[in-house]
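In what follows, a structure is listed as structure tokens, so that the remarks can point back to it.
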Amino acid sequence: MKYLTYILRNARRNPVRTGLTIASIAISMFLMMILTSFFAAMQEANSATRDFNRIIVMNANGFAGQVPIARVRQVEAMEGVVAATPFSWYGGKYQNQRVLFAQFGVDADKVFQTLDEYKLPDAQLAAFKADKAGAVIGPKLAREYNLKVGDPMPLQGDIYPVDLKLNIRGIYESPRNTDQRMVLFHHSYLDDQLRQMGSSGGGSATTPSTGAGNAGIVFVKCKSAAATASLCKKIDDEYRSTDFPTRTQTEEAFGQMFSEMMGGLKDTVFWIGCAVVVSLLFVAGNAMAMAMRERTTEVAVLKAIGFNKGLVLGLVLAEAVLVSGLGGALGTLGSKAFFDVVDISPFTGGFLPFFYVPWTVALAGLAVSLFVGFASGVVPAMLAANSSVINGLRKVV
15 MKYLTYILRN
25 ARRNPVRTGL
35 TIASIAISMF
45 LMMILTSFFA
55 AMQEANSATR
65 DFNRIIVMNA
75 NGFAGQVPIA
85 RVRQVEAMEG
95 VVAATPFSWY
105 GGKYQNQRVL
115 FAQFGVDADK
125 VFQTLDEYKL
135 PDAQLAAFKA
145 DKAGAVIGPK
155 LAREYNLKVG
165 DPMPLQGDIY
175 PVDLKLNIRG
185 IYESPRNTDQ
195 RMVLFHHSYL
205 DDQLRQMGSS
215 GGGSATTPST
225 GAGNAGIVFV
235 KCKSAAATAS
245 LCKKIDDEYR
255 STDFPTRTQT
265 EEAFGQMFSE
275 MMGGLKDTVF
285 WIGCAVVVSL
295 LFVAGNAMAM
305 AMRERTTEVA
315 VLKAIGFNKG
325 LVLGLVLAEA
335 VLVSGLGGAL
345 GTLGSKAFFD
355 VVDISPFTGG
365 FLPFFYVPWT
375 VALAGLAVSL
385 FVGFASGVVP
395 AMLAANSSVI
405 NGLRKVV
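Throughout the sequence shown, residue numbering follows this note's numbering, covering 15 to 411 in sequence.
Printed below as a string of structure tokens:
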């Protein structure tokens, strides 16, 4: 610690160069945090779902296939099941804007038993259940559109050939790594609208994925983690030979399926991160090389008065790590603080329901910046430690 003052004074000797180096590292790490946190936050949120013992039933042919609504009650009656609800994607427009948030038709009596991390006050839940046109929305959505309980929320059909005139009956609360911009409404309300259109000859209400009687997918709450695997097999075996075979998996596996669809993007982000690290090595290495060139005589004086090679090597490396670490801390911890305060989900067109920088990513980024500092300082430090005292004293820089 007795050399800390000397290291700090050296770092401040050329404030413009040091400041630009720190800023370059900080900006690069900030951008790197954005890229890597996207996947890390998704993975963290997806891994958290395993604690809720849920499975998801979908058509074996994918989202375009149908899951008959009658199967929701059939699955719920199976041993080991707590509750089940349809989750039917509506995908309508609000205020003539296309799908900026998720909209799902659910069973109002079962949805908050199934999604038990989502909380709704008892009075609001009762009002939601009592109003067939009732809807529950997330807190972010309420803030974004200045909506409150009791307001109307008309949705115009885009995928479905019917419009929904919803009434907001509640605003749920949920953990930050969940979608807080959803709209949940009665599946029966959508189903009735589709049946009325079908009976009046109004068009394509009977297509498999957008017609009446389709549950979309089914969220199932299991009694225990041990029951999930057996229930997945039991449900798929039950409907294997029917017109609508199913594919049942845990909620974590369901989320992982979406992550796998972006496998190429993950590889791209990885290589971008490698390129960022390499570029930072050049930036920091160049700054340290220039700094040590200016101190050739000073290093020779230090060695002449008794500073050994190891100490000179350590002082130069410490300075490099300090400068790079400061930039890394500003970029990584700054990005975490920024995204903990600023919600960017409204600006992503519904693509990101939530975004934050996990601590694991921030600390990993900080470690990378320290490594960059160490690696960029090795060559200048070794040259300084092995430099000739006589040549150094003769040289004028």
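Each residue gets a CB set at the ideal place from its N, CA and C atoms; glycine is no exception. None of these values were measured; they are calculated from a predicted model.
* To do: Go through the region 161-204 residue by residue and report every complete run of the beta strand (DSSP E) that reaches 3 residues or more, in order.
  => Fully enclosed beta strand (DSSP E) runs of 3 or longer: 166-169, 178-185 and 197-200.
* Asked: If you check the beta carbons only, do D123 and P100 fall under 8 Å apart?
  -> Residue 123 sits at position 109 when you count from the first residue of the sequence shown. Residue 100 sits at position 86 when you count from the first residue of the sequence shown. With respect to P100, D123 sits apart: the two C-beta atoms are not nearer than 8 Å.
* To do: Pick helix, strand or coil for P222, following the three-state DSSP scheme.
  => Indexing the sequence shown from 1 puts residue 222 at position 208. Note that P222 scores 47 on pLDDT, short of 50, meaning its location in the model is unreliable; the coordinates nonetheless yield the value given after this. P222: coil per DSSP, three-state reduction.
* Cβ pair D205, A226 closer than 8 Å -> For the purposes of this step, residue 205 is identified with residue 191 of the sequence shown, where counting begins at 1. For the purposes of this step, residue 226 is identified with residue 212 of the sequence shown, where counting begins at 1. Judged by beta-carbon spacing, A226 lies within the 8 Å limit of D205, meaning their Cβ atoms are closer than that value.
* Going by CA-CA distance only, name the one from I48, L377, V371 and G76 that's closest to F272. => The residue given as residue 272 occupies position 258 in the sequence shown. Answer by Cα proximity: G76.
* Asked: What are the residues that DSSP puts in a beta bridge with C288?
  -> Within the sequence shown, the letter at position 274 stands for residue 288. In DSSP, C288 forms no bridge with anything.
* **Candidates G391, A399 and D354, of which the one nearest G320 by Cα** => Start at 1 with the first residue of the sequence shown, and residue 320 comes out as number 306. If we check each option's Cα against that of G320, A399 comes out closest.
* **Best match in P166, C246, K350 and L336 for proximity to V95 [C-alpha to C-alpha]** => As a working note, residue 95 is residue 81 in the sequence shown. The candidate whose alpha carbon is nearest that of V95 is C246.
* To do: Inspect the CB distances between the region 20-31 and the region 326-337 and report whether three or more fall short of 8 Å.
  => In this structure the region 20-31 lies against the region 326-337, because at least three pairs of beta carbons, one per stretch, are closer than 8 Å.
* Asked: Which of helix, strand or coil does DSSP assign to S38?
  -> Residue 38 sits at position 24 when you count from the first residue of the sequence shown. For S38, the secondary structure class from DSSP, reduced to helix, strand or coil, is helix.
* Is the Cβ-Cβ distance between V356 and G387 less than 8 Å? -> Position 342 of the sequence shown, counting from 1, holds the residue named residue 356. Position 373 of the sequence shown, counting from 1, holds the residue named residue 387. Judged by their CB atoms, V356 and G387 are not nearer to each other than the 8 Å cut-off.
* Secondary structure of I151, DSSP reduced to three states -> Taking the sequence shown and counting its residues from 1, the one referred to as residue 151 is at position 137. In this structure, I151 counts as strand in the three-state DSSP scheme.
* Closer than 8 Å to chain C by CB, V326 -> Absent from the structure is chain C; it holds one protein chain and no more.
* Exposed unless 16 or more other CB atoms sit within 10 angstroms - verdict on G345 -> As a first step, residue 345 is located in the sequence shown; it is residue number 331 there, counting from the start. It is buried - the Cβ of G345 has at least 16 other Cβ atoms within 10 Å.
* **Where N60 falls: helix, strand or coil (DSSP)** => Taking the first residue of the sequence shown as 1, we reach residue 60 at position 46. Helix.
* Expressed to the nearest angstrom, what Euclidean distance is found between the alpha-carbon atoms of L180 and Q194? -> Your numbering for residue 180 matches position 166 in the sequence shown. Your numbering for residue 194 matches position 180 in the sequence shown. About 18 Å.
* Round the Cβ separation of M302 and S390 to the nearest angstrom and send it over; I've been treating them as touching at under 8 Å. => Here residue 302 corresponds to residue number 288 of the sequence shown, with the count starting at 1. Here residue 390 corresponds to residue number 376 of the sequence shown, with the count starting at 1. For a cut-off of 8 Å, the C-beta gap from M302 to S390 is around 6 Å, short enough to register as a contact.
* Residue interval of the alpha helix (DSSP H) (run including G391) -> Position 377 of the sequence shown, counted from the first residue, corresponds to residue 391. Counting along the chain, the alpha helix (DSSP H) containing G391 begins and ends at W373 to A399.
* Contacting residues, own chain, Cβ-Cβ under 8 Å from P166 (five flanking each side not counted) -> The residue labelled residue 166 in the question sits at position 152 within the sequence shown. K179, L180, N181 and I182, listed in sequence order.
* Considering only residues of the same chain and omitting the five flanking positions on each side of Y253, which have a CB-CB separation below 8 Å? -> In the sequence shown, counting from the first residue as 1, residue 253 sits at position 239. Here the set comprises R85, P259 and T260.
* Asked: Roughly how many angstroms lie between the CA atoms of L294 and M196, to the nearest whole one?
  -> What you label residue 294 is simply residue 280 of the sequence shown in a count that begins at 1. What you label residue 196 is simply residue 182 of the sequence shown in a count that begins at 1. When rounded, the separation of the alpha-carbon atoms in L294 and M196 is 40 Å.
* To do: Please look up how many angstroms separate the CB atoms of F369 and A55, rounded, as I've assumed it's under 8 Å.
  => The residue you call residue 369 lines up with position 355 of the sequence shown. The residue you call residue 55 lines up with position 41 of the sequence shown. That pair is a contact at about 6 Å.
* **Simplified DSSP state of M92, which is helix, strand or coil** => Here residue 92 corresponds to residue number 78 of the sequence shown, with the count starting at 1. Coil.
* Asked: Hey, is the region 371-378 in contact with the region 60-71, meaning 3+ C-beta pairs nearer than 8 Å?
  -> With the cut-off at 8 Å, the region 371-378 and the region 60-71 do not touch.
* What residue range is occupied by the uninterrupted beta strand (DSSP E) comprising G339? -> Taking the sequence shown and counting its residues from 1, one reaches residue 339 at position 325. First-last for G339: K323 to V355, but that is the alpha helix (DSSP H), not the beta strand (DSSP E).
* Compute the Euclidean distance between the alpha carbons of A243 and T264, then round it to the nearest angstrom. => Residue 243 sits at position 229 when you count from the first residue of the sequence shown. Residue 264 sits at position 250 when you count from the first residue of the sequence shown. Roughly 8 Å separates the two Cα atoms.
* Asked: Do you know how far the Cα of F352 is from the Cα of G230?
  -> For this step, residue 230 is matched to residue 216 along the sequence shown. For this step, residue 352 is matched to residue 338 along the sequence shown. So the two alpha carbons sit approximately 37 Å from each other.
* Own chain partners of T32 with C-beta closer than 8 Å, once the 5 adjacent residues on each side are dropped -> Taking the first residue of the sequence shown as 1, we reach residue 32 at position 18. The residues are A25, R26, A301 and V337.
* In three-state terms, what does DSSP make of A122? -> Mapped onto the sequence shown, residue 122 falls at position 108. If DSSP states are grouped into helix, strand and coil, A122 belongs with coil.
* **Endpoints, the alpha helix (DSSP H) within which K247 is located** => Along the sequence shown, read from residue 1 onward, the residue named residue 247 stands at position 233. First-last of the alpha helix (DSSP H) with K247: A239 to E252.
* Sorted by chain position, which residues of the same chain lie with C-beta nearer than 6 Å to V371's C-beta, five sequence neighbours on each side aside? -> As a first step, residue 371 must be located in the sequence shown, where it is residue number 357. Excluding positions up to five away in sequence, the list reads M47, S51, S349, K350 and F353.
* Give every residue of the same chain whose Cβ lies closer than 6 Å to the Cβ of F306, excluding the five residues on either side of it in the sequence, and list them in chain order. => In the sequence shown, counting from the first residue as 1, residue 306 sits at position 292. Correcting the residue type first, residue 306 is Met in the shown sequence and not Phe. Around M306: P394 and A398.
* Which residue comes first and which comes last in the alpha helix (DSSP H) that contains Q138? -> Mapped onto the sequence shown, residue 138 falls at position 124. Looking at the DSSP string, the run of the alpha helix (DSSP H) that includes Q138 is D136 to A144.
* Asked: Count the other CB atoms within 10 Å of the CB of P222; is the residue buried (16 or more) or exposed (fewer)?
  -> Here residue 222 refers to the residue found at position 208 when the sequence shown is read from its first residue. Note on P222: pLDDT 47, under 50, position unreliable in the model; the coordinate value appears next. It is exposed - the Cβ of P222 has fewer than 16 other Cβ atoms within 10 Å.
* **Reference A80; option with closest CA among N228, K107 and Q270** => By one-based count along the sequence shown, residue 80 stands at place 66. The identity of residue 80 in the sequence shown is Gln, whereas the question assumes Ala. Among N228, K107 and Q270, the Cα nearest to that of Q80 belongs to N228.
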